[in-house]
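**Student:**
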Amino acid sequence: MTQRGKSKNNLCEGGQHHPRVLMYHAFGDVVPDGMNPALCVRPEAFDWQVALLKGRGYVFVTMTELLEQAGVAKCVALTFDDGFADNAEIAVPILHKHQAKATLFIAQKSDVGAARMLSGEQLNALASDPLIELGAHTLNHANLSRVDAVTAEQEIAGSKAYVESYTKRPCVSFAYPYGRFTEETVALVRRLGFRSAVTVKKGFAPLTDPYRIRRTNVLRSCGGLRFRILLWFGRDRL
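Just so we're aligned: the sequence shown equals residues 1211 to 1448 in my numbering.
1. Could you name the residues of the same chain whose beta carbon sits closer than 8 Å to that of R1400, not counting the 5 residues immediately before and after it, in chain order?
2. Please determine, among R1445, L1417, T1426 and V1360, the residue with the shortest C-alpha to C-alpha distance to T1274.
3. Can you tell me whether G1345 is helix, strand or coil according to DSSP?
4. Inspect the CB distances between the stretch 1391-1398 and the stretch 1320-1327 and report whether three or more fall short of 8 Å.
5. Work out the CA separation of G1293 and Y1376 for me, nearest whole Å.
6. How many angstroms separate the CA atom of S1406 from the CA atom of I1423?
7. Could you tell me whether any Cβ in chain B is nearer than 8 Å to the Cβ of E1374?
8. Specify whether the stretch 1294-1304 and the stretch 1248-1262 touch according to this definition: at least 3 beta carbon pairs, one from each stretch, less than 8 Å apart.
9. Hey, would you say L1341 sits closer than 8 Å to A1301, going by beta carbons?
10. Looking only at C-alpha atoms, which of R1430, G1389, P1380 and R1445 sits nearest to G1238?
11. Does the distance from the CB of H1347 to the CB of D1291 come in under 8 Å?
12. If you count every other CB in all the chains shown that lies within 10 Å of the CB of Q1309, and 16 or more means buried, which is it?
13. Just confirm the distance between the C-beta atoms of L1349 and A1317, as a whole number of angstroms; I'd bet it's less than 8 Å.
14. Under the three-state reduction of DSSP, which class applies to F1443: helix, strand or coil?
15. Opposite R1230 in the DSSP bridges: which residues?
16. Below 8 Å between beta carbons: does that hold for L1232 and R1425?
17. Assuming T1313 is part of the beta strand (DSSP E), what are its boundary residues?
18. Could you check the C-alpha separation between W1345 and R1379 for me, to the nearest Å?
19. Can you list, in chain order, the residues of its chain whose CB lies under 6 Å from that of D1257, leaving out five sequence neighbours each side?
20. DSSP on N1334, reduced to helix/strand/coil?
21. How would you call A1371, buried or exposed, if buried means at least 16 neighbouring beta carbons within 10 angstroms?
22. Measure the Cβ-Cβ separation of V1269 and C1285 and say whether it is below 8 Å.
23. Please go through the same chain and pick out, in chain order, the residues whose beta-carbon is closer than 8 Å to the beta-carbon of V1410, but skip the five residues on each side of it.
24. Quick one: what does DSSP say M1245 is sitting in, helix, strand or coil?
25. Under 8 Å Cβ to Cβ from A1352, same chain only, skipping five residues before and after it: list those, please.
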């Protein structure tokens, strides 16, 4: 068998046996000024994607629940980064329509100036929503691979406290902004009491390291066929 053939077989095997962790950012027909259009998924596309997952028998789990489902292949964790207001206005109603769970990673500020962030009222509502887990994403969407140790701790611990001020319970899930982190970052996240942390490295893999969990990004351009390919291979192009 050729190396290419082995690689394809490995991808197929991974597609069959590992849980899916999907990454989203914003939702809407209109893309906010300054946002990368690729990150703003159309509402009808998201509705179709969640319906497809449900129809294929996937169990929707939060990130915390995912760690308890490590041996279950047919589970999917939907994750939303940054904390944009459209998550509550557009995506959450779709989740309720399909009774699908998701984890929202919240930053107080975004690097997209024109995008509206979740309000305190919206965060209060999400904190009591049984389908939603709120995780931390730093205070200012900081690149943790470029800041000093003191700033990194302030960003991560401050974000954890911010989320907990709404949930009134421990915040145990974290997402590295831009997917950037160092070994020191990982140790800090663990020390601060998080049970998991997600990256932006593509693909589906065993949950052997809860602080380096892979995710596959779902983009605006991901149509029906590409989404099906993504679910199988962990990327939407072969």
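Using N, Cα and C, we set each Cβ at its ideal position, and we do this for glycine too.
**Tutor:** Reading from the atomic positions:
1. Numbered from its first residue, the sequence shown carries residue 1400 at position 190. Y1421, listed in sequence order.
2. For the purposes of this step, residue 1274 is taken as residue 64 along the sequence shown, with counting starting at 1. T1274 has its Cα closest to that of L1417, out of R1445, L1417, T1426 and V1360.
3. Along the sequence shown, read from residue 1 onward, the residue named residue 1345 stands at position 135. The answer is strand: DSSP assigns G1345 an E or B state.
4. no
5. One-based indexing of the sequence shown puts residue 1376 at position 166. One-based indexing of the sequence shown puts residue 1293 at position 83. Each residue's Cα considered, the two are about 14 Å apart.
6. Against the sequence shown, residue 1406 aligns to sequence position 196. Against the sequence shown, residue 1423 aligns to sequence position 213. Those two C-alpha atoms are separated by around 8 Å.
7. Given the protein chain composition of this structure (a single chain), no chain B is represented.
8. yes
9. As a first step, residue 1341 must be located in the sequence shown, where it is residue number 131. As a first step, residue 1301 must be located in the sequence shown, where it is residue number 91. No, they are not a contact pair.
10. In the sequence shown, the residue the question calls residue 1238 occupies position 28. Of the candidates R1430, G1389, P1380 and R1445, the one whose C-alpha sits nearest the C-alpha of G1238 is R1430.
11. Position 137 of the sequence shown holds residue 1347. Position 81 of the sequence shown holds residue 1291. Yes, Cβ-Cβ distance for H1347 and D1291 is below 8 Å.
12. Position 99 of the sequence shown, counting from 1, holds the residue named residue 1309. The residue in question, Q1309, is exposed, as its Cβ has fewer than 16 Cβ neighbours within 10 Å.
13. By one-based count along the sequence shown, residue 1349 stands at place 139. By one-based count along the sequence shown, residue 1317 stands at place 107. About 7 Å separates the two Cβ atoms, so the contact holds.
14. As a working mapping, residue 1443 is identified with position 233 in the sequence shown. F1443 falls in the helix class under three-state DSSP.
15. Residue numbering aside, residue 1230 sits at position 20 when the sequence shown is read from its first letter. Answer is V1286, bridged to R1230.
16. Along the sequence shown, one-based indexing puts residue 1232 at 22. Along the sequence shown, one-based indexing puts residue 1425 at 215. Yes. Within cutoff.
17. Numbered from its first residue, the sequence shown carries residue 1313 at position 103. Where T1313 is concerned, the enclosing beta strand (DSSP E) stretches over A1312 to I1316.
18. As a first step, residue 1345 is located in the sequence shown; it is residue number 135 there, counting from the start. As a first step, residue 1379 is located in the sequence shown; it is residue number 169 there, counting from the start. The residue asked about is misnamed: residue 1345 is Gly in this sequence, not Trp. If I take the Cα positions, the gap works out to 11 Å.
19. Along the sequence shown, one-based indexing puts residue 1257 at 47. Closer than 6 Å at Cβ, skipping near neighbours: I1304.
20. For the purposes of this step, residue 1334 is identified with residue 124 of the sequence shown, where counting begins at 1. It is helical.
21. Locating residue 1371 in the sequence shown gives position 161, counting from the first residue. Result: exposed.
22. To locate residue 1269, count along the sequence shown from 1; it is residue 59. To locate residue 1285, count along the sequence shown from 1; it is residue 75. Cβ distance < 8 Å, so V1269 and C1285 count as in contact.
23. What you label residue 1410 is simply residue 200 of the sequence shown in a count that begins at 1. Cβ within range, chain order: M1233, Y1386, Y1388, G1389, R1425 and N1427.
24. Taking the first residue of the sequence shown as 1, we reach residue 1245 at position 35. Correct three-state label for M1245: coil.
25. Indexing the sequence shown from 1 puts residue 1352 at position 142. So the qualifying residues of the chain are T1361, A1362, E1365 and P1387.
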